[in-house]
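> Counting in UniProt numbering, the sequence shown runs from 1 upward without gaps. Quick one: structure below, then a few questions.
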Amino acid sequence: MSRDVSHFSDIAKSKTEADGSFKRAASSFRNFVQAGGQFPPEKDRYHLYVSYACPWATRTLILRKLKGLEDIIPFSVVSPRMGTDGWPFASVDQFPGADADPLYQSQHVKDLYLRADPNFTGRFTVPVLWDKKEHTIVNNESSEIIRMFNSDFNSLLPEDKAKLDFYPEGLRKEIDELNEWVYDQINNGVYKAGFATTSQAYRAAVVPLFDALDRVEGILKDKTYLIGDRLTEADIRLFVTIIRFDPVYVSHFNWLRRLYWQNDAFQSTADFEHIKTHYFWSHPHINPTRIVPIGPVPHILPLEADS
1 MSRDVSHFSD IAKSKTEADG SFKRAASSFR NFVQAGGQFP PEKDRYHLYV SYACPWATRT
61 LILRKLKGLE DIIPFSVVSP RMGTDGWPFA SVDQFPGADA DPLYQSQHVK DLYLRADPNF
121 TGRFTVPVLW DKKEHTIVNN ESSEIIRMFN SDFNSLLPED KAKLDFYPEG LRKEIDELNE
181 WVYDQINNGV YKAGFATTSQ AYRAAVVPLF DALDRVEGIL KDKTYLIGDR LTEADIRLFV
241 TIIRFDPVYV SHFNWLRRLY WQNDAFQSTA DFEHIKTHYF WSHPHINPTR IVPIGPVPHI
301 LPLEADS
């Protein structure tokens, strides 16, 4: 008899504490691509599994494109309609823009986790950085995958791409400090507010969320980027949440529009049909009708709309 793993796949289960607050589980696979290590940097050795709907996964797509890793690390996109079996591939749900699993013809992302570890007991999340030689998951923590993409494949890249550094040594302290509160109050804050099941838990999350948005808006006043005068990891980590805020979570910044309209790594990875479908279709405990709303129109205001 096969093991029941639905409680690791179903978005409606294992999400909240007794007080109604949302608690995010830690990622489970935490190995690294490193020269001389178990997972060395090699062309076409790794495969990235993502969802356009998922902000955490989209971080990795942005870094992949910025660093010019397209020919080194291929990727596959799952359907945004996540159900009781978790994220489905196109072989199960032929949603526009979704892919079949080219490696194992998996039906769901959970199949990859159980292939890597038949006794796995964590959540079946994306992104997944998969090693095609070892047939296992290297890492499923987006913050660590983007660090690998930033530097650990530089030996395979042309000089102009290898020298791009979105976590520069001189700015790391500032980036880490900003990332810490942005993650807690904004990146994860939208989930803590959205998945709260009591008014007390909701208020405890939503007030800090909007306070943090005001804080970010203050930082970006008369600035192009969050840290220094250059695009860094901090901008990428915030962008993936803010781009979803009006269409799904409920502030368009000039900063957001500049990143979206002036850099294809951001625009090409923001698929609003996947984003909206996932959040409105995959959470029937919040939206039992599964109606995906139209708009906003446009999703992102043009740059000339700046006041």
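Even glycine gets a Cβ: it sits at the ideal position worked out from N, Cα and C.
(1) For a minimum of 3 consecutive residues, which ranges assigned as the beta strand (DSSP E) are wholly contained in the stretch 241 to 299?
(2) At what residues does the alpha helix (DSSP H) containing W181 begin and finish?
(3) What are the start and end residues of the alpha helix (DSSP H) that includes D131?
(4) Between the Cα of L213 and those of V190, D229, T198, spot the shortest distance and give me the residue it belongs to.
(5) Please confirm if the stretch 217 to 227 is in contact with the stretch 268 to 285, defined as three or more CB-CB distances below 8 Å between the two stretches.
(6) Would you check if the distance between the CB atom of G86 and the CB atom of H108 is smaller than 8 Å?
(7) Using CA coordinates, which residue listed in Y104, V78, P96 is at the minimum distance from P88?
(8) Identify every residue that forms a DSSP beta bridge with I137.
(9) Mind pulling the beta strand (DSSP E) runs of 3 or more residues that sit fully within the stretch 36 to 60?
(10) Helix, strand or coil, according to DSSP, for P118 in the structure here?
(11) Could you give the DSSP three-state label for A88: helix, strand or coil?
(12) Tell me which residue opens and which closes the beta strand (DSSP E) that residue 309 is part of.
(13) What is the rounded straight-line gap between the Cα of V50 and the Cα of P127?
(14) Which of the three DSSP states is assigned to F75 in this structure?
Well, looking at it:
(1) Complete beta strand (DSSP E) runs here, min 3: none at all.
(2) By one-based count along the sequence shown, residue 181 stands at place 181. Where W181 is concerned, the enclosing alpha helix (DSSP H) stretches over 172 to 182.
(3) Looking up residue 131 in the sequence shown gives position 131. Per DSSP, D131 lies in no alpha helix (DSSP H); the unbroken beta strand (DSSP E) holding it starts and ends at 128 to 131.
(4) Locating residue 213 in the sequence shown gives position 213, counting from the first residue. When only C-alpha atoms are compared, the closest one is V190.
(5) Contact between the stretch 217 to 227 and the stretch 268 to 285 is not established, with fewer than three Cβ pairs separated by less than 8 Å.
(6) Translated into the one-based positions of the sequence shown, residue 86 becomes position 86. Translated into the one-based positions of the sequence shown, residue 108 becomes position 108. Taking 8 Å as the Cβ cut-off, G86 and H108 qualify as a contacting pair.
(7) On the sequence shown, position 88 is the one that residue 88 refers to. Checking every option, the nearest Cα to that of P88 belongs to V78.
(8) By one-based count along the sequence shown, residue 137 stands at place 137. I137 pairs with W130.
(9) As far as the stretch 36 to 60 is concerned, its whole beta strand (DSSP E) runs of at least 3 residues are 46 to 50.
(10) Here residue 118 refers to the residue found at position 118 of the sequence shown. Looking at P118 - three-state DSSP - the assignment turns out to be coil, as it is neither helix nor strand.
(11) Looking up residue 88 in the sequence shown gives position 88. Correcting the residue identity first, residue 88 is Pro in this sequence and not Ala. P88 falls in the strand class under three-state DSSP.
(12) Here the chain has residues from 1 to 307 only, and residue 309 is not among them.
(13) Taking the first residue of the sequence shown as 1, we reach residue 50 at position 50. Taking the first residue of the sequence shown as 1, we reach residue 127 at position 127. V50 and P127: Cα-Cα distance of roughly 5 Å.
(14) As a first step, residue 75 is located in the sequence shown; it is residue number 75 there, counting from the start. DSSP places F75 in strand when its eight states are reduced to three.
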